[in-house]
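Student:
Protein chains in written order, with full-length UniProt numbering: chain A, 1 to 365; chain F, 1 to 365.
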């Protein structure tokens, strides 16, 4: 059976779903690999490098030619139309945002796996592309902030006096938030972090950051929007106070499948020191910062707000390496004797299978 | 006596020679301070903040109004023409590049100090603006590289496998080079460094980097251009080999008052892995990298070369803070009882005084 790696369909996407190293893995499992010419361009993987790993270069999108098509962004409706009954696609596919595409996949009896739907179980870790890409996003958020900050992050003691370390506030301590904390700490910043999940406290502290706590008993593990008005009021007060004291704020609070919670208001930004920088990693899902807009820099007084857009794509070599390995690991879970035949009774595969044999396997809202 | 802080004359200059905190210092020494409206704009110091520190806001350039004019870039010829006999200017003034300006300063009997000419003696450390700005440049060089690199700097061990740490090569281990080494090390890179001065070895090693050595006895303390052809040949071989093995190269080798040595050729760049990044801090003084051009990104195959231009200016808050303190310290060396009266028998002041009482105090080539 043949696995196809296309040029990504969306123009701003610089990652690729397979690299020469994962081509080697797939060929070792008895599969053949088709790579669309130029697929690895932004990830600096040449057609020649794919061929050296044993892949076949093809001029067009592999839909209709390869049995399995792996990509970062989901296929377009046109590409999906070319998929045949029983063909498999693997990508980040958010069904709520792609109704027409889902209809085509169902109609064509395509088996579609979405890495957005992966169950959070131990066996899925090596396949967990949301986490691997969040790692990249958290690191990049700090790079984007540091690049825009007119100040140092580390402390300096010089003959002309001392420069104190920058103060960095990270909102949300999931994978991206923890990586942002770790990166800012590496660079010598004083870091504090907030998360509604009290369980994040030990992880935050283990990275050398201060964990902010509300003086309020709250229900553990429940997202902010689900909390009481008193809780939200206290949270606003705490965040407002800490935002005002920070040189950099990095917000990473996302609620899967829903609009991101607003945590930082324009009034809070106005209390920051001039020259401060805010990076909103949640800008694409509505924003944690009211002033942020995806891919844009917005000045609020003398505070610069950067709304992140597809951060992992800005580091295509390593983001692709992690993603391609996640995809190869998922393929290995469904491949036996050179055939890709997913067992949909498997917890991981069932969890991320969106369409199969003409059926939509998830309820859409 | 009055000290004037102008808006910088060159459009790309974002630093400022005085900040509210140094205004306080000057006023404490019995001086008055005039600040041109908007002077601190890029450094996020408002006119109101200067006034709160006791400064007087003026609408125009202070030349002809203040007795002492402090700036980052030298005054323009027009501004210098407005300076009166006995007025003082302090700036980075490279006399070889500013012949017409020097003529005006001599003709007008202005006392001009250049921070480019400061003697490298212990007493001058608190005034050493070349070093304080090189510190900023070295840090920023890493930020510029990391921002353009499609890879992580740190090592990551993830469920999808390990990402090895990036390899960073720093050429030149002066103040900027050492700071680049320190910053890349903070971010988890594996760093190696080269400098013609064997004396740099211990400093490089103390920062956790490997010091590259030629298997050749060389005359210590002599710059590369002054060395033998055999030395240069060995140096080229060593650098070519290490450039090819690096993900990031940061070159910082400058020879005061002369063209920077070419260390990295286009052929060397072609041997680097695709996606590698080179930052040439010496781009403005001729370049350590043949392909670099100041302020430009140049692709050599799949290697991105960034020619730095005025790096300190890209971090105006802290670059200005260090520079303003250097300038205030220099002013304090020449101020007694509220009067700025430089004693030109003082080693530090004599060293950096370029023109005085109608005389040019340096031989120009």
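By construction, the Cβ of each residue, glycine as well, lies at the ideal position given by its N, Cα and C atoms.
#1: With 8 Å as the limit, tell me which residues of the stretch 159-180 of chain A have their beta carbon closer than that to any beta carbon of chain F; keep them in chain order.
#2: For residue 41(A), name the three-state secondary structure that DSSP assigns.
#3: What residues of chain A sit near residue 315(F), judged by a beta carbon separation below 9 Å?
#4: With a 10 Å radius around its C-beta and 16 neighbouring C-beta atoms as the bar for buried, classify residue 310(A) as buried or exposed.
#5: If I'm right that residue 137(F) touches residue 312(F) with Cβ under 8 Å, what's the distance once you round it to whole angstroms?
#6: Using the Cα positions of residue 334(F) and residue 340(F), report the straight-line distance between them to the nearest angstrom.
#7: Please check if any C-beta of chain F sits within less than 8 Å of the C-beta of residue 139(A).
#8: Roughly how many angstroms separate the alpha carbons of residue 4(F) and residue 13(F), rounded to a whole number?
#9: Leaving out five residues before and five after residue 180(A) in sequence, what residues of the same chain have Cβ atoms less than 6 Å from its Cβ?
#10: Less than 8 Å separating the beta-carbons of residue 165(A) and residue 204(A)?
#11: Quick check on residue 364(A): buried or exposed, where buried means 16 or more other Cβ atoms within 10 Å of its Cβ?
#12: Taking residue 188(A) as the query, report the chain F residues whose CB atoms sit under 7 Å from its CB, ordered along the chain.
#13: Check whether the Cβ atoms of residue 118(A) and residue 124(A) lie closer than 8 Å to each other.
#14: Terminal residues of the continuous beta strand (DSSP E) containing residue 158(A)?
#15: Residue 310(A) CB to nearest chain F CB: under 8 Å?
#16: Please list the partners that residue 274(A) has in chain F, where partner means a Cβ-to-Cβ separation under 7 Å.
#17: Measuring only between beta-carbons, confirm whether residue 321(F) sits less than 8 Å from chain A.
#18: So, is the C-beta of residue 116(A) closer than 8 Å to a C-beta in chain F?
#19: Who are the near neighbours of residue 277(F) in its chain, counting only those whose CB is closer than 6 Å to its CB and skipping five residues on each side?
#20: Report yes if the C-beta distance between residue 160(A) and residue 206(F) is below 8 Å; otherwise report no.
#21: Using beta carbons (cut-off 8 Å, strictly below), is residue 347(F) in contact with chain A?
#22: Tell me the DSSP secondary structure of residue 61(A) in three-state form.
#23: In terms of residues, what are the limits of the alpha helix (DSSP H) holding residue 192(A)?
#24: Cβ atoms of residue 69(A) and residue 368(A): under 8 Å apart, would you say?
#25: Does the distance from the C-beta atom of residue 175(A) to that of residue 212(A) stay below 8 Å?
#26: Looking at chain A, which residues of the stretch 87-115 of chain F have a Cβ within less than 7 Å of any of its Cβ atoms?
#27: Looking at the strands, I want to know which residues DSSP matches up with residue 36(F).
#28: Output needed for residue 321(A): all residues of its chain with C-beta closer than 7 Å, excluding positions within five of it in sequence on either side, in chain order.
#29: Can you find a CB in chain F that lies within less than 8 Å of the CB of residue 70(A)?
#30: Would you give the residue range spanned by the alpha helix (DSSP H) that residue 47(A) belongs to?
#31: Taking a contact to mean a Cβ-Cβ separation below 8 Å, would you say residue 192(A) touches residue 236(A) in this structure?
#32: Considering only the alpha carbon of each residue, which of 302(F), 286(F), 234(F), 258(F) lies closest to residue 269(F)?
#33: Given that a residue counts as buried once 16 or more other Cβ atoms are within 10 Å of its Cβ, and exposed if not, what is residue 358(A)?
#34: Tell me, to the nearest whole angstrom, how far the beta carbon of residue 354(A) is from that of residue 102(A); I am working on the premise that it is less than 8 Å.
#35: Output yes if chain A places a C-beta closer than 8 Å to the C-beta of residue 156(F); else output no.
Tutor: Reading it off the structure:
#1: 159, 160, 161, 163
#2: To locate residue 41(A), count along the first chain from 1; it is residue 41. Coil.
#3: Reading the second chain from its first residue, position 315 is the one you call residue 315(F). Within 9 Å Cβ-Cβ: 149, 150, 151, 152.
#4: For the purposes of this step, residue 310(A) is taken as residue 310 along the first chain, with counting starting at 1. Classification for residue 310(A): buried.
#5: Position 137 of the second chain, counting from 1, holds the residue named residue 137(F). Position 312 of the second chain, counting from 1, holds the residue named residue 312(F). Their Cβ separation, rounded to whole angstroms, is 6 Å, which keeps residue 137(F) and residue 312(F) in contact under 8 Å.
#6: Here residue 334(F) refers to the residue found at position 334 of the second chain. Here residue 340(F) refers to the residue found at position 340 of the second chain. Rounded to the nearest angstrom, the two C-alpha atoms are 5 Å apart.
#7: Within the first chain, numbered from 1, the residue matching residue 139(A) stands at position 139. Yes - at least one Cβ of chain F is within 8 Å of the one on residue 139(A).
#8: In the second chain, residue 4(F) corresponds to position 4, counting from 1. In the second chain, residue 13(F) corresponds to position 13, counting from 1. For residue 4(F) and residue 13(F), the distance between alpha carbons rounds to 17 Å.
#9: If you number the first chain from 1, residue 180(A) lands on position 180. Cβ neighbours of residue 180(A) beyond the five flanking positions: 138, 141, 142, 170, 250.
#10: Working through the first chain from its first residue, we reach residue 165(A) at position 165. Working through the first chain from its first residue, we reach residue 204(A) at position 204. It is not a contact, given that the beta carbons lie outside the stated cut-off.
#11: As a working note, residue 364(A) is residue 364 in the first chain. By the 10 Å Cβ count, residue 364(A) comes out exposed.
#12: Walking along the first chain from the start, residue 188(A) turns up at place 188. Correct list: 186.
#13: Residue 118(A) sits at position 118 when you count from the first residue of the first chain. Residue 124(A) sits at position 124 when you count from the first residue of the first chain. For residue 118(A) and residue 124(A), yes; Cβs fall inside 8 Å.
#14: Along the first chain, one-based indexing puts residue 158(A) at 158. Note, residue 158(A): beta strand (DSSP E), 156-158.
#15: What you label residue 310(A) is simply residue 310 of the first chain in a count that begins at 1. Chain F contact via Cβ: absent.
#16: Locating residue 274(A) in the first chain gives position 274, counting from the first residue. Those within 7 Å of residue 274(A) in chain F are 44.
#17: Looking up residue 321(F) in the second chain gives position 321. Yes, contact with chain A.
#18: Residue numbering aside, residue 116(A) sits at position 116 when the first chain is read from its first letter. Chain F contact via Cβ: absent.
#19: Along the second chain, one-based indexing puts residue 277(F) at 277. Answer for residue 277(F): 145, 148, 149, 248, 304, listed in chain order.
#20: Counting from one through the first chain, the residue named residue 160(A) turns up at place 160. Counting from one through the second chain, the residue named residue 206(F) turns up at place 206. No, the pair does not count as a contact, with Cβ atoms beyond the cut-off.
#21: By one-based count along the second chain, residue 347(F) stands at place 347. Answer no: the Cβ-Cβ gap between residue 347(F) and chain A never drops below 8 Å.
#22: Working through the first chain from its first residue, we reach residue 61(A) at position 61. Looking at residue 61(A) - three-state DSSP - the assignment turns out to be coil, as it is neither helix nor strand.
#23: Residue mapping note: residue 192(A) aligns to position 192 of the first chain, counting from 1. For residue 192(A), no alpha helix (DSSP H) run applies; the uninterrupted beta strand (DSSP E) run containing it begins and ends at 190-194, by DSSP.
#24: There is no way to answer for residue 368(A), as the model of chain A reaches only from 1 to 365.
#25: As a working note, residue 175(A) is residue 175 in the first chain. As a working note, residue 212(A) is residue 212 in the first chain. In this structure, residue 212(A) does not lie closer than 8 Å to residue 175(A) by Cβ.
#26: From the stretch 87-115 of chain F, no residue has a Cβ closer than 7 Å to chain A.
#27: As a working mapping, residue 36(F) is identified with position 36 in the second chain. BP columns for residue 36(F) point to 58(F).
#28: As a working note, residue 321(A) is residue 321 in the first chain. Excluding positions up to five away in sequence, the list reads 19.
#29: Taking the first chain and counting its residues from 1, one reaches residue 70(A) at position 70. Cβ-Cβ to chain F under 8 Å: no for residue 70(A).
#30: As a first step, residue 47(A) must be located in the first chain, where it is residue number 47. 47-52 is the span of the alpha helix (DSSP H), which, as asked, contains residue 47(A).
#31: The residue you call residue 192(A) lines up with position 192 of the first chain. The residue you call residue 236(A) lines up with position 236 of the first chain. Taking 8 Å as the Cβ cut-off, residue 192(A) and residue 236(A) do not qualify as a contacting pair.
#32: Residue numbering aside, residue 269(F) sits at position 269 when the second chain is read from its first letter. Among 302(F), 286(F), 234(F), 258(F), the Cα nearest to that of residue 269(F) belongs to 302(F).
#33: The residue you call residue 358(A) lines up with position 358 of the first chain. By the neighbour-count criterion, in which a residue is buried when 16 or more other Cβ atoms sit within 10 angstroms of its Cβ, residue 358(A) is exposed.
#34: Translated into the one-based positions of the first chain, residue 354(A) becomes position 354. Translated into the one-based positions of the first chain, residue 102(A) becomes position 102. Contact between residue 354(A) and residue 102(A) holds: their C-beta atoms lie close to 7 Å from each other, under 8 Å.
#35: Within the second chain, residue 156(F) is the residue found at index 156, counting from 1. Yes, residue 156(F) lies at the interface with chain A (some Cβ there is under 8 Å from its Cβ).
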